[in-house]
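Protein chains in written order, with full-length UniProt numbering: chain L, 1 to 203; chain Y, 1 to 203; chain P, 1 to 203; chain U, 1 to 203.
Protein chains: 4
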Amino acid sequence: MPVISAKRMQDRHDSILGAAREAFAQRGFEGTSIADIARAAGVSDGLVYRYFQNKRDLLNAVLTEFYERTMVDLEAIAAREAPFEVRLHGIIHRHIEAFVLEADACRLFISEVRTAADYQGSAVQQLNRRYTSILVRIIESGIAKGVVRSDIDIRLVRDVIFGAIEHRTWAAVNGRPLDIDATAAGLVQLLRFGLMARPEGEA
Amino acid sequence: MPVISAKRMQDRHDSILGAAREAFAQRGFEGTSIADIARAAGVSDGLVYRYFQNKRDLLNAVLTEFYERTMVDLEAIAAREAPFEVRLHGIIHRHIEAFVLEADACRLFISEVRTAADYQGSAVQQLNRRYTSILVRIIESGIAKGVVRSDIDIRLVRDVIFGAIEHRTWAAVNGRPLDIDATAAGLVQLLRFGLMARPEGEA
Amino acid sequence: MPVISAKRMQDRHDSILGAAREAFAQRGFEGTSIADIARAAGVSDGLVYRYFQNKRDLLNAVLTEFYERTMVDLEAIAAREAPFEVRLHGIIHRHIEAFVLEADACRLFISEVRTAADYQGSAVQQLNRRYTSILVRIIESGIAKGVVRSDIDIRLVRDVIFGAIEHRTWAAVNGRPLDIDATAAGLVQLLRFGLMARPEGEA
Amino acid sequence: MPVISAKRMQDRHDSILGAAREAFAQRGFEGTSIADIARAAGVSDGLVYRYFQNKRDLLNAVLTEFYERTMVDLEAIAAREAPFEVRLHGIIHRHIEAFVLEADACRLFISEVRTAADYQGSAVQQLNRRYTSILVRIIESGIAKGVVRSDIDIRLVRDVIFGAIEHRTWAAVNGRPLDIDATAAGLVQLLRFGLMARPEGEA
DNA sequence: AATGAATGAGCCTTCATTCAT
DNA sequence: AATGAATGAAGGCTCATTCAT
């Protein structure tokens, strides 16, 4: 039987997590100390270790929370009934948005977690897979409907989309804002008909 | 008259640089200590500072050396006389190769340097620009020849290509090998004609 | 509720401060390492930084403590109702005593702090000013009472007294003892009537 | 038989010594590295050790040179035939001048040498004794001539003069200039007749 | 004679983590 | 349950001194 109420525990948990998100975003993982986080959360250093195993665990928790929050939106878009192009555009648009609005979390993931030795097989990797698989399912349904070429390499398309957005957004992270609408539209257009000029000028 | 021969100095320089490349690749920048590098290079801690200003400088040197080495190949490909598709394929192929063969350097760049606060305006950023500009010039020449649609967003294409390869190769970095030829061919194909199925079935 | 008692904290503080005073006195500021001090105080290196901001701060604390302790006596003497000569003698005597009994602190101040670039405007300089101003006020009251020549340069007198004692005591610091009474008496005598032989033989 | 000429050796010696004086003056003893000095002197690090045993020895040499240079003037003043007051004033004036013009050397002596463990019995201490003994001889001759009270403590007078000047000049070292003439005159006046107001108003 | 490459000890400070209170 | 004092290892960097060339 807990000595403090479950709600109080949840509040503590959340404020530590929030403080960590903030701090990691601003100063990076190595640049943030547990004392920083504890102070921002209004608790003692020691208490952090009651809620999280260690600093690394806290980082994972921050990213897990980000993924789960963002994924709700993406899955809603994927579940919607709409033509292939609309759903593709929707998911690309929302993903760019996530990158732009939560650039800090993305940067954390890219520079601190994805490269870590223990990333393979981690919970965060599972989440990342679920995240990207949403896009994969959309493309699969496009193929099923005959809108997308069946000989396409789905995983390659996935990497093209996520990779392009990551690259694209990076500049925006440090400085001038990114035009989300234009970028989403441009990417969809490029994906639909490719680079090549065509006599018939269809695209 | 130098106290040691130029060759000996070059050797020292190279062994420190090599040890640093190895160590950074395996344990990351923060995870590597100067003592680690010195030990691996068979020199004293202090000597590292005779050849490199500080730890950060050593990281820059590792990446500069990688970029310059790889860029020689890329520029040769870009300079070749060949149809657009051939040159595009060539450069994509070589870039994937670089990623696969020197995954360590790429990982370093991505996770330690590109995200650093002082990346903007740094020498490494200059090199990265030169690197990516090779691809940009190929696309421009494709437009000039009328092979590529003139309304294409070149910077978006660049981000698609580099981003896709980065994402794609990531899996290969940790574990199973990547089929370089297939990946290059698939990416070129996707870029040429896009995702969409076509009645004429040209692609 | 504090984790350890206030007394225990005070003890820690004092033992670190004491160890620092001892170590600085024996080996100078640069010659003393934090590890030396921690070992002598029976604590870990890290704990020193919980009680003092850094090494420099520790030095300031040592000197502040010395000044404040000594100043209590000096101010009591200055506040006493007594003829000018008595008060002058009292303060000179006590100042010499401080120099002799706490030669280490004086040496520290003279050789490590007063010459430092950041001395001007520092807290220690404030204390030093308060310290010397006690003497200045006594001389001023001597002038007010008509016992001391009104055309005297008070700051020069101050420098004569403190400078002389500093010089004088220096020998005593390293080796043979100084006769405090004789020195105080001699200095007062010299200050009262100067060097010159006088026909009337008054002095 | 030396492989290089004695003159060349002397030049080397002097340029190293000069570079050291400059560097110590500007950055202090601890703040100056042998490499700094070697660079400024236009020689290699190693060569410094052919001319001086170690860094400490170099500091001693700098101060010895200063003392010897200044002492020539002082001894000339002491040797002059003149009334006591004139000679006393002359030597005080010249000493203040030395302090003001070569504040750096004085600061070095005060903060780096006089406090060192090996000062007692050192060559620099010998020089310091010779330096101060010049003043002592002047006072003795004043006593012999009956101008100075015979019951005066000569060593105390010496400490008063040198101590006062040291204290006085210190402020001048960091900032506003010191009026050498006024200070010398004021000190002589104070020493001659003391602090006390006198009915006859002789002083 | 002269160089300067090489050494390696040393130092201040930070901080994740533990545990007595 | 909560605190925060305490630990102690680790790390980047400097520099006096030596000695092979």
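Yeah, the Cβ is synthetic: ideal placement off N, Cα and C, and Gly gets one too.
These numbers come from a predicted model, not from an experiment.
Alpha-carbon to alpha-carbon, residue j and residue i
i: U:Asp57; j: L:Ala20; result: 55 Å
i: Y:Arg149; j: Y:Arg39; result: 55 Å
i: P:Val160; j: U:Glu166; result: 9 Å
i: U:Met9; j: U:Val48; result: 12 Å
i: L:Pro177; j: L:Thr169; result: 9 Å
i: U:Glu200; j: P:Leu101; result: Residue confidence for U:Glu200 is low, a pLDDT of 46 falling below 50, so the modelled location carries little weight and cannot support an answer.
i: P:Gly146; j: P:Gly90; result: 20 Å
i: Y:Arg137; j: U:Ile16; result: 58 Å
i: L:Ile110; j: L:Ala103; result: 10 Å
i: P:Gly28; j: P:Phe66; result: 16 Å
i: U:Ala98; j: Y:Ser33; result: 51 Å
i: Y:His93; j: L:Ala144; result: 31 Å
i: P:Ala203; j: P:Ala185; result: Note on P:Ala203: pLDDT 42, under 50, position unreliable in the model; the coordinate value appears next. Approximately 13 Å between the Cα atoms of the pair.
i: P:Ala79; j: P:Asn128; result: 19 Å
i: L:Thr70; j: Y:Asp118; result: 30 Å
i: U:Ala41; j: U:Gly18; result: 8 Å
i: U:Met1; j: U:Phe84; result: Only weak support is given to the placement of U:Met1: the predicted model assigns it a pLDDT of 46, under 50, and the value that follows is read from those uncertain coordinates. Taking the straight line joining both Cα atoms gives about 52 Å.
i: Y:Thr132; j: Y:Thr183; result: 19 Å
i: Y:Ala130; j: Y:Gly142; result: Strictly speaking, residue 130 of chain Y in this sequence is Arg, with Ala absent from that position. Going from the Cα of Y:Arg130 to the Cα of Y:Gly142 covers about 19 Å.
i: P:Leu88; j: U:Leu74; result: 33 Å
i: Y:Gly46; j: U:Glu22; result: 27 Å
i: Y:Lys7; j: Y:Ala116; result: 34 Å
i: L:Leu187; j: L:Thr64; result: 27 Å
Reduced DSSP category for residue i - H, G, I as helix; E, B as strand; rest coil
i: U:Val148; result: strand
i: U:Glu200; result: In this predicted model, U:Glu200 has a pLDDT of only 46, less than 50, meaning its place in the structure is not dependable; the value taken from the coordinates is given anyway. Of the three classes helix, strand and coil, the one that applies to U:Glu200 here is coil, per DSSP.
i: P:Leu127; result: helix
i: P:Ile91; result: helix
i: L:Met1; result: Confidence is the limiting factor: at L:Met1 the pLDDT is only 46, short of 50, which leaves the residue's position unreliable, though a coordinate-based value still follows. It is coil, neither helix nor strand.
i: L:Glu102; result: coil
i: U:Ser33; result: coil
i: U:Ser122; result: coil
i: Y:Gln26; result: helix
Exposed unless 16 or more other CB atoms sit within 10 angstroms - verdict on residue i
i: U:Ala82; result: exposed
i: Y:Arg114; result: buried
i: P:Gln126; result: exposed
i: Y:Gln189; result: buried
i: Y:Glu68; result: exposed
i: P:Val72; result: exposed
i: U:Ala35; result: exposed
i: U:Val124; result: buried
i: residue 237 of chain Y; result: The question about residue 237 of chain Y has no answer here: the residues shown for chain Y are numbered 1 through 203.
i: P:Ile139; result: buried
i: L:Ile152; result: buried
i: P:Ile4; result: exposed
i: Y:Asn54; result: exposed
8 Å contact criterion, which residue i and residue j should meet: CB distance rounded
i: L:Arg192; j: Y:Gly194; result: 5 Å
i: L:Tyr51; j: L:Arg107; result: Wrong, their Cβ atoms sit about 24 Å apart, outside the cutoff.
i: residue 206 of chain P; j: P:Val62; result: With chain P represented from 1 up to 203, any question about residue 206 of chain P goes unanswered, as that position is not in the structure.
i: P:Ile77; j: P:Ile180; result: With a Cβ gap of about 15 Å, P:Ile77 and P:Ile180 do not count as contacting.
i: Y:Arg155; j: Y:Leu135; result: Not a contact, Cβ separation roughly 11 Å.
i: P:Glu112; j: U:Glu30; result: About 10 Å separates the two Cβ atoms, so there is no contact after all.
query = Along the segment 134–156 of chain U, what residues have a CB closer than 7 Å to any CB found in chain P?
reply = Listed by position, the residues of the segment 134–156 of chain U near chain P (Cβ gap below 7 Å) are Gly146, Val147, Val148, Arg149, Ile152, Asp153, Leu156.
request  = Determine which residues of the segment 12–46 of chain U have a Cβ less than 7 Å from any Cβ of chain P, and write them out in chain order.
outcome  = Cβ contacts with chain P come from Glu30.
message = Using a Cβ-Cβ cutoff of 7 Å, what residues of the segment 79–108 of chain P are near chain U? List them in chain order.
response = For the segment 79–108 of chain P, the beta-carbon criterion of a distance under 7 Å to any beta-carbon of chain U is satisfied by Arg107.
ask   = Name the residues in the segment 175–197 of chain Y whose C-beta lies less than 9 Å from a C-beta of chain L; which are they?
value = Against chain L - using a Cβ distance shorter than 9 Å - the residues of the segment 175–197 of chain Y are Gly175, Ala182, Thr183, Gly186, Leu187, Gln189, Leu190, Leu191, Arg192, Phe193, Gly194, Leu195, Met196, Ala197.
ask   = Of the residues that make up the segment 62–74 of chain P, which ones have a beta carbon closer than 9 Å to any beta carbon in chain U?
value = Against chain U - using a Cβ distance shorter than 9 Å - the segment 62–74 of chain P contributes no residues.
Short-range partners of chain P found in the segment 111–123 of chain U, where Cβ spacing is below 8 Å = Ser111, Glu112, Arg114, Thr115, Tyr119, Gln120
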